[in-house]
Amino acid sequence: KNEVEQSPQNLTAQEGEFITINCSYSVGISALHWLQQHPGGGIVSLFMLSSGKKKHGRLIATINIQEKHSSLHITASHPRDSAVYICAVRATGTASKLTFGTGTRLQVTL
Amino acid sequence: ETGVTQSPTHLIKTRGQQVTLRCSSQSGHNTVSWYQQALGQGPQFIFQYYREEENGRGNFPPRFSGLQFPNYSSELNVNALELDDSALYLCASSSARGNEQFFGPGTRLTVL
Numbered sequence: 162k163n164e165v166e167q168s169p170q171n172l173t174a175q176e177g178e179f180i181t182i183n184c185s186y187s188v189g190i191s192a193l194h195w196l197q198q199h200p201g202g203g204i205v206s207l208f209m210l211s212s213g214k215k216k217h218g219r220l221i222a223t224i225n226i227q228e229k230h231s232s233l234h235i236t237a238s239h240p241r242d243s244a245v246y247i248c249a250v251r252a253t254g255t256a257s258k259l260t261f262g263t264g265t266r267l268q269v270t271l
Numbered sequence: 003e004t005g006v007t008q009s010p011t012h013l014i015k016t017r018g019q020q021v022t023l024r025c026s027s028q029s030g031h032n033t034v035s036w037y038q039q040a041l042g043q044g045p046q047f048i049f050q051y052y053r054e055e056e057n058g059r060g061n062f063p064p065r066f067s068g069l070q071f072p073n074y075s076s077e078l079n080v081n082a083l084e085l086d087d088s089a090l091y092l093c094a095s096s097s098a099r100g101n102e103q104f105f106g107p108g109t110r111l112t113v114l
């Protein structure tokens, strides 16, 4: 079992839909990251959070430390949101290492 | 402020050869991490350098080695290349060891 599990693996949505991507992890963490990867490979950091909730534009990230679970929400989705969304955690006591999920491939259609 | 850059963008090598990949940190960042991402997988941590010293290493053999220079740029060296080394290699810099990481565009390595 991977330390970081994401669901769903693939997601297709129509423009305007509200999207939720889930991340569960099995270790104690000091931080959780949500990242976006476009075709071609470049990775953009969306959020780093250790508690509560963060919002940036149409993106919202939440984390429940007790349940070891985080969600990434996209409101009013748009085709330009199509990408792979990756959850990564930094385990407690490891300042350096990030452990990644395998990603959720999102396709938003017109 | 310049972002993280990597070179080359693409590289083709044959089994047994050696390769050096390069990463320039974002301005003001002293920490660089390297990751390997196989096709369809999430990135795997190779190692991290902080102020020119290795600061943590993932489950990769010694033929994967690195350097960090006084200007905090970094190199990843892979010796005796194997077919399974074909992957996207990402570097990420941060202003301190536990801070948010900013990723470069990656180097796609193909080993034939």
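Protein sequence lines, in the order shown, are assigned to chains A and B. Every letter in the first sequence is one number past the one before it in the working numbering, and letter 99, counting from 1, is 260. Every letter in the second sequence is one number past the one before it in the working numbering, and letter 92, counting from 1, is 94. We put the CB at the ideal spot given by N, CA and C, even for glycine.
* Asked: Is there at least one Cβ from chain B nearer than 8 Å to Thr265 of chain A's Cβ?
  -> One-based indexing of the first sequence puts residue 265 of chain A at position 104. No, its Cβ sits nowhere closer than 8 Å to a Cβ of chain B.
* Contact check, Ala174 of chain A vs Val269 of chain A, beta carbons under 8 Å -> Here residue 174 of chain A corresponds to residue number 13 of the first sequence, with the count starting at 1. Here residue 269 of chain A corresponds to residue number 108 of the first sequence, with the count starting at 1. It is a contact, given that the beta carbons lie within the stated cut-off.
* In terms of residue numbering, what span does the beta strand (DSSP E) encompassing Asn163 of chain A cover? -> Position 2 of the first sequence holds residue 163 of chain A. Where Asn163 of chain A is concerned, there is no enclosing beta strand (DSSP E), given that its DSSP letter is neither H nor E.
* **Contacts around Ser206 of chain A, its chain only, beta-carbon distance under 7 Å, and the 5 residues preceding and following it disregarded** => Position 45 of the first sequence, counted from the first residue, corresponds to residue 206 of chain A. Answer for Ser206 of chain A: His194 and Leu196, listed in chain order.
* Asked: In terms of residue numbering, what span does the beta strand (DSSP E) encompassing Leu78 of chain B cover?
  -> Locating residue 78 of chain B in the second sequence gives position 76, where the first residue counts as 1. Where Leu78 of chain B is concerned, the enclosing beta strand (DSSP E) stretches over Ser76 to Val80.
* Of the choices B:Ala82, B:Ser27 and B:Leu85, whose alpha-carbon is the least far from that of Ser97 of chain B? -> To locate residue 97 of chain B, count along the second sequence from 1; it is residue 95. Looking at the Cα atoms, B:Ser27 is the closest of the given residues.
* For Arg241 of chain A, which three-state DSSP category applies? -> Along the first sequence, one-based indexing puts residue 241 of chain A at 80. Arg241 of chain A: helix per DSSP, three-state reduction.
* To do: Going by DSSP, name the residue or residues bridged to Leu114 of chain B.
  => Walking along the second sequence from the start, residue 114 of chain B turns up at place 112. According to DSSP, which records beta bridges pairwise, Leu114 of chain B is partnered with nothing at all.
* Contacting residues, own chain, Cβ-Cβ under 8 Å from Leu172 of chain A (five flanking each side not counted) -> On the first sequence, residue 172 of chain A is found 11 positions in, with the first residue counted as 1. For Leu172 of chain A, where only same-chain residues beyond five positions count, the Cβ hits under 8 Å are Ile180, Ile182, Thr265, Arg266, Leu267 and Gln268.
* To do: Could you tell me which residues DSSP pairs with Thr265 of chain A in its beta bridges?
  => Taking the first sequence and counting its residues from 1, one reaches residue 265 of chain A at position 104. Bridge partners of Thr265 of chain A: A:Tyr246.
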